[in-house]
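What follows is one structure encoded as structure tokens, with my remarks underneath.
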Amino acid sequence: MKKALLGLGALMALVAMVGAIMSGVVVYGMSAGHARYAEQSYGASAQAYGVAQSTTPDRLGRWEAYFGAGTAELRAGAITDAIATLSTALDLVLAGATPERGDANSGPGTGGEGYTDECKVRMNLSIAQGLDAERLSQAGYAKDSQRAYSTAADTVRTCAEQGATAKQQFEEAMQKAAEEEEKAHSQAKESETPENAEAQEHEGENESGEELKDRELNRRAKESEQQRRTLQEYDKDFASMNGENW
Numbered sequence: 001m002k003k004a005l006l007g008l009g010a011l012m013a014l015v016a017m018v019g020a021i022m023s024g025v026v027v028y029g030m031s032a033g034h035a036r037y038a039e040q041s042y043g044a045s046a047q048a049y050g051v052a053q054s055t056t057p058d059r060l061g062r063w064e065a066y067f068g069a070g071t072a073e074l075r076a077g078a079i080t081d082a083i084a085t086l087s088t089a090l091d092l093v094l095a096g097a098t099p100e101r102g103d104a105n106s107g108p109g110t111g112g113e114g115y116t117d118e119c120k121v122r123m124n125l126s127i128a129q130g131l132d133a134e135r136l137s138q139a140g141y142a143k144d145s146q147r148a149y150s151t152a153a154d155t156v157r158t159c160a161e162q163g164a165t166a167k168q169q170f171e172e173a174m175q176k177a178a179e180e181e182e183k184a185h186s187q188a189k190e191s192e193t194p195e196n197a198e199a200q201e202h203e204g205e206n207e208s209g210e211e212l213k214d215r216e217l218n219r220r221a222k223e224s225e226q227q228r229r230t231l232q233e234y235d236k237d238f239a240s241m242n243g244e245n246w
């Protein structure tokens, strides 16, 4: 009996030690992610938040680790990764929503606005989707861009009543979706003319490999510059969305 009690005591001590280690990993991941973000080391910030993603229990707010990582990926220009990570954050915050969770919080850069946890995630996810839409527009895919802008608007729609920033995001996404829809109609009409169809068929035939490579590099450079400018416009929003509120 005494041996059994000793064994149980050792097991409980081991469980407590493992729990302490896990808690330490969570705290490190979240604090390091926040610190790297403040230093504008966005790639390192996303990696640090990633450490906490698999170790934070859902009941302790695992969504926050995905939210921090996704926001850092967004600032690093990894738009596709950011959309996937922030989508996971949204799923987690919705799964854990209770009447007590997600009380409105004010933060720097919000002008006193308060957003629920769900809307904090939705706003950054909507920004990522909007940047993806802009990338598609720059590449000439107006119809795909219109769909992406519509998705961005739908994502933040339910938050428009919580503050002016979310409302502005929603209205801008809707406006751009309408603009891209008109552009898509124009592209469709242009492609129907025989002259344009023939020109598209022979496009690039007379260009060398180096010329094609240069054209692609220039296109990517323009996309990167456009993303940088768009992210600068959202700097105030990100200031309150990168972890300041937790």
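At position 61 of the sequence shown (counting the first as 1) the number is 61 in full-length UniProt numbering, and the numbers step up by one without a gap. Note that beta-carbon positions come from the ideal geometry of N, C-alpha and C, so glycine has one too. None of the values given here were measured: they were computed from a predicted structure.
> Out of curiosity, what's the CA-to-CA distance linking residue 248 and Gly-61?
Replying inline: The question about residue 248 has no answer, for the chain in this structure spans 1 to 246.
>> Give me the residue from Ala-148, Ala-89, Tyr-49 with the minimum Cα distance to Lys-176.
In response: In the sequence shown, the residue the question calls residue 176 occupies position 176. Cα-wise, what sits closest to Lys-176 is Ala-148.
> Tell me which same chain residues have a C-beta within less than 7 Å of the C-beta of Glu-181, skipping the five on either side of it?
Replying inline: Taking the sequence shown and counting its residues from 1, one reaches residue 181 at position 181. Result list for Glu-181: Gln-146, in chain order.
>> With H, G and I counted as helix, E and B as strand and the rest as coil, what does DSSP make of Gly-96?
In response: Taking the first residue of the sequence shown as 1, we reach residue 96 at position 96. It is coil, neither helix nor strand.
> Quick one: is His-185 buried, meaning 16 or more other Cβ sit within 10 Å of its Cβ, or exposed?
Replying inline: Locating residue 185 in the sequence shown gives position 185, counting from the first residue. Exposed, since its Cβ has fewer than 16 Cβ neighbours within 10 Å.
> Using CA coordinates, which residue listed in Ala-95, Ala-69, Leu-94, Gly-96 is at the minimum distance from Ala-84?
Replying inline: By one-based count along the sequence shown, residue 84 stands at place 84. For the residues Ala-95, Ala-69, Leu-94, Gly-96, the minimum Cα distance to Ala-84 belongs to Ala-69.
> To the nearest whole angstrom, what separates the beta carbons of Asp-144 and Leu-131, a pair I think is in contact under 8 Å?
Replying inline: On the sequence shown, position 144 is the one that residue 144 refers to. On the sequence shown, position 131 is the one that residue 131 refers to. That pair is no contact at about 14 Å.
> In terms of alpha-carbon separation, which member of Gly-140, Ala-142, Leu-92, Gln-187 lies closest to Arg-122?
Replying inline: The count along the sequence shown starts at 1 and reaches residue 122 at position 122. For the residues Gly-140, Ala-142, Leu-92, Gln-187, the minimum Cα distance to Arg-122 belongs to Leu-92.
> Between Arg-36 and Ala-52, is the Cβ-Cβ spacing less than 8 Å?
Replying inline: On the sequence shown, position 36 is the one that residue 36 refers to. On the sequence shown, position 52 is the one that residue 52 refers to. Cβ distance not < 8 Å, so Arg-36 and Ala-52 don't count as in contact.
>> Which residue marks the beginning of the alpha helix (DSSP H) containing Tyr-49, and which one marks its end?
In response: For this step, residue 49 is matched to residue 49 along the sequence shown. Start and end: 42-53.
>> If I measure Cβ to Cβ from Arg-157 and keep anything under 6 Å in the same chain, skipping five residues before and after, which residues do I get?
In response: Within the sequence shown, the letter at position 157 stands for residue 157. Phe-170.
>> Suppose contacts are defined by Cβ-Cβ distances below 8 Å. Is Ala-166 in contact with Ala-153 by that definition?
In response: Position 166 of the sequence shown holds residue 166. Position 153 of the sequence shown holds residue 153. No, the pair does not count as a contact, with Cβ atoms beyond the cut-off.
>> I need the DSSP call for residue 254, collapsed to helix, strand or coil.
In response: This structure cannot speak to residue 254, because the chain is shown only from 1 to 246.
>> Is it buried or exposed, Tyr-82, if we count other Cβ atoms within 10 angstroms and call 16 or more buried?
In response: By 1-based counting over the sequence shown, the position of residue 82 is 82. First, the residue type needs correcting, since residue 82 is Ala and not Tyr in the sequence shown. Label assigned to Ala-82: buried.
> What does a CB cutoff of less than 7 Å around Ala-89 pick up in its chain, not counting 5 residues either side in sequence?
Replying inline: In the sequence shown, counting from the first residue as 1, residue 89 sits at position 89. Excluding sequence neighbours, Ala-89 sits near Trp-63, Tyr-66, Phe-67, Gly-70, Val-121.
> DSSP state of Tyr-149, grouped into three classes?
Replying inline: As a position in the sequence shown, residue 149 is number 149, starting the count at 1. Helix, per DSSP.
> My guess is that Glu-73 and Ala-46 are in contact by the Cβ rule of under 8 Å, so how many angstroms apart are they, rounded?
Replying inline: On the sequence shown, residue 73 is found 73 positions in, with the first residue counted as 1. On the sequence shown, residue 46 is found 46 positions in, with the first residue counted as 1. Right, the Cβ-Cβ distance comes to about 5 Å (below 8 Å), so this counts as a contact.
> Could you check where the alpha helix (DSSP H) with Glu-39 kicks off and where it finishes?
Replying inline: Here residue 39 refers to the residue found at position 39 when the sequence shown is read from its first residue. Neither: Glu-39 is in no alpha helix (DSSP H) and is coded neither H nor E.
> Taking buried to mean at least 16 other C-beta atoms within 10 Å of its own C-beta, is Glu-118 buried or exposed?
Replying inline: By one-based count along the sequence shown, residue 118 stands at place 118. When all chains shown are included, Glu-118 counts as buried.
> From this set, Ala-128, Glu-161, Ala-188, which residue's C-alpha is nearest Ala-76's C-alpha?
Replying inline: In the sequence shown, the residue the question calls residue 76 occupies position 76. Closest by alpha carbon: Ala-128.
> What's the C-alpha gap between Asn-124 and Gly-140?
Replying inline: Counted from its first residue, the sequence shown places residue 124 at position 124. Counted from its first residue, the sequence shown places residue 140 at position 140. Rounded to the nearest angstrom, the two C-alpha atoms are 25 Å apart.
> From which residue to which residue does the alpha helix (DSSP H) around Ala-166 run?
Replying inline: For the purposes of this step, residue 166 is taken as residue 166 along the sequence shown, with counting starting at 1. Looking at the DSSP string, the run of the alpha helix (DSSP H) that includes Ala-166 is 164-191.
> By how many angstroms is the C-alpha of Leu-94 removed from the C-alpha of Thr-116?
Replying inline: Numbered from 1 along the sequence shown, position 116 holds the residue referred to as residue 116. Numbered from 1 along the sequence shown, position 94 holds the residue referred to as residue 94. Looking at the two C-alpha atoms, the distance is approximately 11 Å.
>> What does DSSP give as the partner residue(s) for Tyr-141 in the beta ladder?
In response: Residue mapping note: residue 141 aligns to position 141 of the sequence shown, counting from 1. Bridge partners of Tyr-141: none, in fact.
>> Can you find the residues in the same chain that come closer than 7 Å, C-beta to C-beta, to Ala-160, ignoring five residues on each side of it along the sequence?
In response: Looking up residue 160 in the sequence shown gives position 160. If we look at Ala-160 and ignore the five residues flanking it on each side, its Cβ neighbours are Ala-166, Lys-167, Phe-170.
>> Assuming Lys-183 and Ala-133 are in contact, meaning their beta carbons sit under 8 Å apart, how far apart are those beta carbons, in whole angstroms?
In response: Here residue 183 refers to the residue found at position 183 when the sequence shown is read from its first residue. Here residue 133 refers to the residue found at position 133 when the sequence shown is read from its first residue. Actually they do not touch by this definition, with Cβ atoms about 12 Å apart.
>> Assuming contact is defined by CB atoms lying nearer than 8 Å, are Gly-50 and Gly-114 in contact in what I supplied?
In response: As a first step, residue 50 is located in the sequence shown; it is residue number 50 there, counting from the start. As a first step, residue 114 is located in the sequence shown; it is residue number 114 there, counting from the start. In this structure, Gly-114 does not lie closer than 8 Å to Gly-50 by Cβ.
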